[in-house]
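Below: the structure, in structure tokens.
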Amino acid sequence: MDLRIFTEPQQGASYDDLLRVAKATEAAGYDAFFRSDHYLKMGSADGLPGPTDAWITLAGLARETSRIRLGTLVTAATFRHPGPLAISVAQVDRMSGGRVEFGLGSGWYDAEHEAYGLTLPPLKERFDRYAEQLEIVTGLWKTPVGSTYSFEGEYYRLVDSPALPKPAQSPAPPVIVGGQGKKRTPALAARFADEFNLPFVDAETAAAQFARVDAAAGEIGRDPKEILRSVALVVAVGRTEEEVARRASVIGRDVAELRANGLAGTPAEVVDRIGQWREKTGITRLYLQLLDLSDLDQIDLIAAEVAPRLD
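Start counting the sequence shown at 159; every next residue gets the next number (our numbering).
Structure (structure tokens):
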């Protein structure tokens, strides 16, 4: 079971805060450090000192870390044009020595689009653009050096692109697709995804969606086992009940609710909970949503007392 630390810096974090967490993640032996791609806080958080750009952050972390994988859950297709996005991600992959993973989603948070002058099209158009972006970004990366790439879609047109630079990973960084859509999402995952992720759902919902992805893969002749299964869950792990309650309180959550919907409790409880998830869904990767970025002790606790018991 791969364990990855997943952060939500739009809630209030500087680059230096993220760097501390990323270095602690690497030192503790985790598989990866991931972040969301948002420009506006959610809920009651103050969001200070303001948003950090996901790919600029990851470029910095690429030079400040040496082992952990780096990526987004997930970059919004509404934020960037696919051509420049392919360039940015390929460059960060080279800067990291081939440690980038590329999560891409359709975009959804209307308030951040309004706040920063971004267009959020209606759902169907948004998903159509998302599908074209997946095809373009992966197509640019996989075009052989010396050849050109062209694309004629409803929303994007590329003509004789040199399709450079190439990422360090060949033919491309792993692509992460996710979401609960019952038809188009599984179909896109079957075509493009190396990993399918479901954030903040229950195990039964996840199992049903994973089954849809498997069916969609089978329909196009792809082995469903090629698509890794993962979920993201919020964490509040403590050595004692008091420590669990304190961690839940800091992030404004109820312990009972976190036990039901996330990974909360003592290390033994959380190991058992992860085992239940694995049995019900077949996941092999977990993104641990760390909402208190000052709590490096929790990173060390999970690495020391949960991770070794998952083998």
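Glycine included, each C-beta is placed from N, C-alpha and C at the ideal position.
Return the bridge partner residues of residue i from the DSSP annotation.
{"i": "N355", "result": "G336, S388"}
{"i": "T230", "result": "R193"}
{"i": "R443", "result": "D160, S388"}
{"i": "G241", "result": "According to DSSP, G241 bridges with nothing at all."}
{"i": "T165", "result": "R193, L448"}
{"i": "V395", "result": "G423"}
{"i": "V258", "result": "L228"}
{"i": "E310", "result": "R315"}
Please tell me whether residue i and residue j are closer than 8 Å, where the distance is taken between their beta carbons.
{"i": "T129", "j": "A212", "result": "In the structure as shown, the chain starts at 159 and stops at 469, and residue 129 therefore has no counterpart that could be examined."}
{"i": "D204", "j": "L451", "result": "no"}
{"i": "G423", "j": "V402", "result": "yes"}
Apart from the five residues just before and just after residue i, which ones in its own chain have a Cβ nearer than 8 Å to its Cβ?
{"i": "E353", "result": "E259, P332, V333, I334, V335, I385, L386, R387, S388, R443"}
{"i": "T277", "result": "T236, H271"}
{"i": "I457", "result": "I163, V179, A182, T183, A186, Y188, L448"}
What does the Cβ neighbour count give for residue i, buried or exposed, with the cut at 16 atoms within 10 Å?
{"i": "P280", "result": "exposed"}
{"i": "F191", "result": "buried"}
{"i": "E312", "result": "exposed"}
{"i": "K282", "result": "exposed"}
{"i": "D372", "result": "buried"}
{"i": "L216", "result": "buried"}
{"i": "V428", "result": "buried"}
{"i": "Q434", "result": "exposed"}
{"i": "S328", "result": "exposed"}
{"i": "A234", "result": "buried"}
{"i": "S202", "result": "exposed"}
{"i": "E206", "result": "This sequence places Leu at residue 206; Glu is not what is there. Exposed, because fewer than 16 other Cβ atoms sit within 10 Å of the Cβ of L206."}
Could you check the C-alpha separation between residue i and residue j for me, to the nearest Å?
{"i": "Y307", "j": "T301", "result": "7 Å"}
{"i": "E399", "j": "V179", "result": "24 Å"}
{"i": "E166", "j": "A369", "result": "28 Å"}
{"i": "D286", "j": "P344", "result": "14 Å"}
{"i": "P466", "j": "A394", "result": "18 Å"}
{"i": "P242", "j": "Q291", "result": "11 Å"}
{"i": "K199", "j": "A171", "result": "11 Å"}
{"i": "Q169", "j": "Y267", "result": "14 Å"}
{"i": "E437", "j": "G218", "result": "38 Å"}
{"i": "R238", "j": "T223", "result": "26 Å"}
{"i": "V392", "j": "F358", "result": "8 Å"}
{"i": "G255", "j": "L454", "result": "26 Å"}
{"i": "I432", "j": "R397", "result": "17 Å"}
{"i": "A426", "j": "A269", "result": "40 Å"}
Apart from the five residues on each side of it in sequence, which residues of its chain come closer than 7 Å, Cβ to Cβ, to residue i?
{"i": "R380", "result": "A348"}
{"i": "Q367", "result": "Q338, L356"}
{"i": "I245", "result": "P323"}
{"i": "P320", "result": "T306"}
Please return the same chain residues whose Cβ sits closer than 6 Å to the Cβ of residue i, not counting the five positions on each side in sequence.
{"i": "T210", "result": "P167, Y173"}
{"i": "A273", "result": "L198"}
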